[in-house]
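Asker: Numbering of the sequence shown is given in the working numbering, commencing with residue 198 and proceeding in unit increments.
A virtual CB, placed ideally from N, CA and C, is assigned to each residue, including glycine.
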Amino acid sequence: MDFNLINLVLLTLLSGCIAGILAGMLGVGGGIVVVPLLYYVLNYLNYDQSIIMHVAVGSSLLIIVPTSIRSAIQHKKRGAFDQNIFRKWIPPLILGTIIGAFFAVYATFEVLTIIFASIATLVAIEMFLNRKIKKSKILPPKILFQIFPIFIGLVSVMMGIGGGSLSVPIMNYSGIEMRKAVGTSAAFGTVIAIPGSIGFIFGGLGQTLLPPFSIGYVNLIAFGLIVPATLLTVPIGVNFAHRISQNKLRKLFALFLSVTAIKMFTDVI
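(1) Would isoleucine 391 and leucine 351 be called neighbours here (beta carbons separated by less than 7 Å)?
(2) Is the distance from the Cβ of isoleucine 249 to the Cβ of leucine 242 below 7 Å?
(3) Is it true that the CB of phenylalanine 450 sits closer than 7 Å to the CB of isoleucine 260?
(4) Tell me the start and end of each unbroken alpha helix (DSSP H) in the segment 393 to 424 that is at least 4 residues and wholly inside, in chain order.
(5) Candidates Phe397, Thr405, Pro425: which alpha carbon is nearest tyrosine 414's?
(6) Ignore the nearest five residues each way along the sequence and tell me which others in isoleucine 312's own chain have a CB closer than 6 Å to its CB.
(7) Are alanine 253 and threonine 427 closer than 7 Å when you measure CB to CB?
(8) If we ignore side chains and look at the alpha-carbon of each, how far apart do threonine 305 and serine 247 end up?
(9) Tell me the DSSP secondary structure of glycine 372 in three-state form.
(10) For a test of the three-state rule: what should DSSP assign to arginine 447, helix, strand or coil?
(11) For leucine 408, is the classification buried or exposed, using 16 other Cβ atoms within 10 angstroms of its Cβ as the cut-off for buried?
(12) How many whole angstroms separate the CB atoms of valine 388 and isoleucine 291, which I take to be in contact at a CB cut-off of 8 Å?
(13) DSSP three-state call for aspartate 199: helix, strand or coil?
(14) On the criterion of 16 or more Cβ atoms from any shown chain inside 10 Å, does histidine 272 qualify as buried, or is it exposed?
(15) Measure how close the beta-carbons of aspartate 279 and threonine 381 come, nearest whole angstrom, since I'm counting them as under 8 Å.
So this is what it looks like as structure tokens:
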């Protein structure tokens with residue numbers, strides 16, 4: 198009996214439940230939660246340090262695909278979707294994703310970990326401060342509005358996230374209604390996650406240090422367990438959200454991200 202495989206299954210399933218509850222409580226996207234949880238699991242099970250961040254990010258991207266599609270469909274049904282921005286941003290978003298995937302699969306453990314830890318720290322600070330985004334009275338130049346999605350795609354795929362934490366503030370600041378910004382960002386998650394996960398699959402082919410049931414840097418155990426576990430436990434998180442102060446919840450999650458970032462920085466050092 199392979200106890201390491203059993204532990205991988207159990208801990209991954211637990212990670213999916215935690216990710217779902219946190220998503221329901223805070224409304225945060227899966228990637229910003231799933232990546233650190235998978236990082237902890239693979240680290241705890243003593244998989245080679247050179248691949249744990251790549252597997253965490255690659256697996257997270259594939260996990261995002263069904264959840265972002267489901268979310269985007271629901272938002273579009275409610276009219277919370279900006280078709281114009283979506284069409285304009287698809288080409289530069291895909292370009293940024295391809296560039297990011299190329300760099301990510303060839304990046305060292307240290308580089309990929311520092312990128313995630315740095316952005317996670319910024320997200321934690323923003324969540325802790327809980328500042329409201331003010332719409333700009335002066336819209337950004339068109340060229341800058343085309344550069345934004347390249348940056349979002351590049352950073353998101355290297356972090357294993359759907360890009361909502363980056364695209365929503367930028368769209369909202371640029372004058373797009375918050376409801377439509379959130380709905381459109383869900384669709385962007387699909388655009389980022391599909392080519393991103395494909396890149397991590399092909400980029401990791403031939404690796405011999407991977408966890409069982411991995412295709413390249415994407416682990417099918419993580420995908421097969423975290424997706425249903427997340428969907429089943431989101432309602433639990435929503436229920437908690439109506440009982441506990443949202444401000445306290447956001448600060449607790451900011452603390453979780455801060456501790457994770459510190460752990461990642463120390464692992465690199």
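Answerer: Result, derived from the coordinates:
(1) No; because the gap between Cβ atoms is not below 7 Å, this pair is not in contact.
(2) Result no, Cβ atoms of isoleucine 249 and leucine 242 do not sit closer than 7 Å.
(3) Cβ atoms of isoleucine 260 and phenylalanine 450: not closer than 7 Å.
(4) Unbroken alpha helix (DSSP H) runs of no fewer than 4 residues, entirely contained in the segment 393 to 424, are not found.
(5) Distance from the Cα of tyrosine 414 is smallest, within the candidate group Phe397, Thr405, Pro425, for Phe397.
(6) Cβ contact annotation for isoleucine 312 (same chain, cutoff 6 Å, sequence separation greater than five): Met355, in chain order.
(7) Their beta carbons are not under 7 Å apart, which means alanine 253 does not touch threonine 427 by this criterion.
(8) Looking at the two C-alpha atoms, the distance is approximately 7 Å.
(9) When secondary structure is reduced to three states using DSSP, glycine 372 falls in the coil class, being assigned neither helix nor strand.
(10) For arginine 447, the secondary structure class from DSSP, reduced to helix, strand or coil, is helix.
(11) For the sequence presented, residue 408 should be read as proline rather than leucine. Burial call: buried.
(12) Contact check for valine 388 and isoleucine 291: beta-carbon distance about 6 Å, within the 8 Å limit, so the pair qualifies.
(13) Coil, per DSSP.
(14) Burial call: buried.
(15) Yes, they are in contact, since the Cβ atoms of aspartate 279 and threonine 381 sit about 5 Å apart, within 8 Å.
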